[in-house]
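A quick write-up on the structure given underneath.
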Amino acid sequence: MDFAQAGDLAMLQSEKGKKIIFRLEAGRQYQTHKGMISHQELIGTRWGSTVETHLGTPFHFLPPTLRDLLQTIRRRSQIIFPKDIGYILLRLSIGPGAKVFEAGAGSGALTTAFAWMVGDSGKVISYERREDMLEVARSNIENLGLQNRVTFAHRDLADGISESGFESAFLDLPNPEIYLSHVREALTFGGTLGVILPTTNQVSKLLGAMEDTGFGAVEVAEIMLRFYKPVPARLRPRDRMVAHTGYLSFARRVA
Ligand SMILES: C[S@@+](CC[C@H](N)C(=O)[O-])C[C@H]1O[C@@H](n2cnc3c(N)ncnc32)[C@H](O)[C@@H]1O
561 MDFAQAGDLA MLQSEKGKKI IFRLEAGRQY QTHKGMISHQ ELIGTRWGST VETHLGTPFH
621 FLPPTLRDLL QTIRRRSQII FPKDIGYILL RLSIGPGAKV FEAGAGSGAL TTAFAWMVGD
681 SGKVISYERR EDMLEVARSN IENLGLQNRV TFAHRDLADG ISESGFESAF LDLPNPEIYL
741 SHVREALTFG GTLGVILPTT NQVSKLLGAM EDTGFGAVEV AEIMLRFYKP VPARLRPRDR
801 MVAHTGYLSF ARRVA
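Sequential numbering from 561 applies to the sequence shown in our numbering.
So, in structure tokens, the structure goes:
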């Protein structure tokens, strides 16, 4: 669709790169930090247009990408960054129809990406032991209309996983090594486990536990992404970058 419709998620992106995302609803107005813009004016506008607030401030009018959505979701925990999520989706082979398990949900950034990718025929089962965190994750998923693809459980992974037959699972919580036997039982043979950890000594512990618990084909990786200032005459990297987020470990359930 080339033109925005009522009900679509829309994004205003300023010249400096600030992004504002909202759902288009007739009769409503959006108050930016640089003036007001009416939804009515935007409904029927061609995506990619430049639109102006009542103060004359220009914004790009764009449909948000998954990465835009991940950058702007409400956070109460550390979230997994888009650069890491991209590789996680590949390694766990997350696509239409996939059935994936995760713990903990945190703010639901990874849950959002999984839900986006699995489509209406797939399923994400997400465990979280903190109720306040679960609320944030749930509201982020509902705001994007992805709730039919996700089942959240207020549950501690220490109590086991009540479902099984997952082709993939991801853990983003402290001491993942103590839960590996639960995850192994929930995965299909050949299924893939992914884990993110902030320090290398934690990864060493995890690798030892993977060896002891029936996981093989292990990989440890770190993703580095450097952005450039997109100026044709002075093309060079930006001054700052996110130098460290976490280490990604992957392994398969082996027989
Ligand atoms: C860093 S956050 C996860 C962030 C999430 N991956 C995201 O991208 O938004 C870690 C979460 O794991 C939860 N957690 C820690 N131990 C847990 C356990 N044993 N069972 C379930 N959830 C747990 C914490 O409450 C916290 O919300």
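Just so it is clear, CB atoms sit at the ideal spot from N, CA and C, and this is done for glycine as well. Owing to the predicted nature of the structure, the values given are computational and were not obtained by experimental measurement.
Closest by C-alpha distance to residue i, when choosing among the options
| i | options | result |
| --- | --- | --- |
| Lys-594 | Ala-675, Val-763, Glu-691 and Glu-575 | Glu-575 |
| Ser-653 | Leu-757, Tyr-687, Leu-753 and Glu-782 | Leu-753 |
| Trp-676 | Met-693, Gly-664 and Arg-627 | Arg-627 |
| Ile-603 | Pro-792, Gly-682, Leu-795 and Pro-623 | Pro-623 |
| Ile-816 | Arg-798, Ile-783 and Val-802 | Lying outside 561 to 815, the shown extent of the chain, residue 816 is not represented and no answer is given. |
| Gly-750 | Phe-775, Ser-741 and Arg-635 | Phe-775 |
| Glu-737 | Ser-722, Met-770, Glu-723 and Arg-709 | Met-770 |
| Arg-744 | Met-801, Gln-762 and Glu-723 | Glu-723 |
| Ser-516 | Phe-810, Phe-563 and Arg-634 | Any answer about residue 516 is impossible in this case: the structure gives the chain only from 561 up to 815. |
| Arg-813 | Gly-666, Leu-747, Gln-762 and Glu-691 | Leu-747 |
| Gln-762 | Leu-795, Asp-799, Tyr-590 and Asp-732 | Asp-732 |
| Met-596 | Glu-612, Leu-740, Gly-720 and Ile-721 | Glu-612 |
| Asp-719 | Leu-740, Leu-584 and Gly-587 | Leu-740 |
| Gly-577 | Phe-619, Arg-606, Thr-592 and Ala-697 | Phe-619 |
Residues bridged to residue i [DSSP beta-bridge criterion]
| i | result |
| --- | --- |
| Arg-726 | According to the sequence as given, residue 726 is Phe; it is not Arg. The partner list for Phe-726 (beta bridge, DSSP) reads Leu-747. |
| Ile-685 | Phe-661 and Thr-711 |
| Thr-610 | His-620 |
| Tyr-807 | Leu-757 |
| Pro-797 | Tyr-788 |
| Leu-717 | Leu-717 pairs with nothing; no bridge assigned. |
| Leu-731 | Ala-663 and Val-755 |
Pairwise C-alpha distance: residue j and residue i
| i | j | result |
| --- | --- | --- |
| Phe-730 | Gly-655 | 15 Å |
| Gln-707 | Phe-621 | 26 Å |
| Leu-704 | Thr-773 | 37 Å |
| Pro-734 | Glu-695 | 20 Å |
| Glu-601 | Met-561 | 17 Å |
| Thr-711 | Leu-767 | 29 Å |
| Ile-701 | Val-660 | 16 Å |
| Arg-716 | Ser-686 | In the sequence as displayed, the identity of residue 716 is Asp instead of Arg. When rounded, the distance between both Cα atoms is 11 Å. |
| Ala-658 | His-614 | 45 Å |
| Leu-572 | Pro-792 | 24 Å |
| Ala-713 | Thr-625 | 27 Å |
| Ile-633 | Arg-709 | 18 Å |
| Arg-635 | Met-693 | 9 Å |
| Phe-582 | Ser-699 | 14 Å |
| Ala-781 | Tyr-807 | 6 Å |
| Gly-664 | Gly-679 | 21 Å |
| Pro-797 | Ala-803 | 13 Å |
| Gly-567 | Leu-584 | 5 Å |
| Leu-629 | Ala-815 | 39 Å |
| Glu-691 | Ala-697 | 10 Å |
| His-742 | Trp-607 | 47 Å |
| Ile-580 | Arg-800 | 23 Å |
Problem set entry | Minimum length 3: unbroken beta strand (DSSP E) runs contained in the segment 640 to 678 | Listed in chain order, the beta strand (DSSP E) elements of length 3 or more contained wholly in the segment 640 to 678 are 659 to 663.
For this session: Taking 8 Å as the threshold, find out whether the segment 633 to 641 comes into contact with the segment 663 to 677 through three or more Cβ pairs.
Result: Yes, the segment 633 to 641 touches the segment 663 to 677.
Exercise. Can we say the segment 787 to 798 touches the segment 744 to 760, given the rule of at least three CB pairs closer than 8 Å?
Worked result: Touching, no, given that fewer than three Cβ pairs across the two stretches are closer than 8 Å.
Exercise. Taking the runs of the beta strand (DSSP E) that are 3 residues or longer, which of them lie wholly in the segment 567 to 599?
Worked result: Taking only runs of at least 3 residues, the beta strand (DSSP E) segments lying wholly in the segment 567 to 599 are 569 to 573, 579 to 583, 589 to 592 and 595 to 598.
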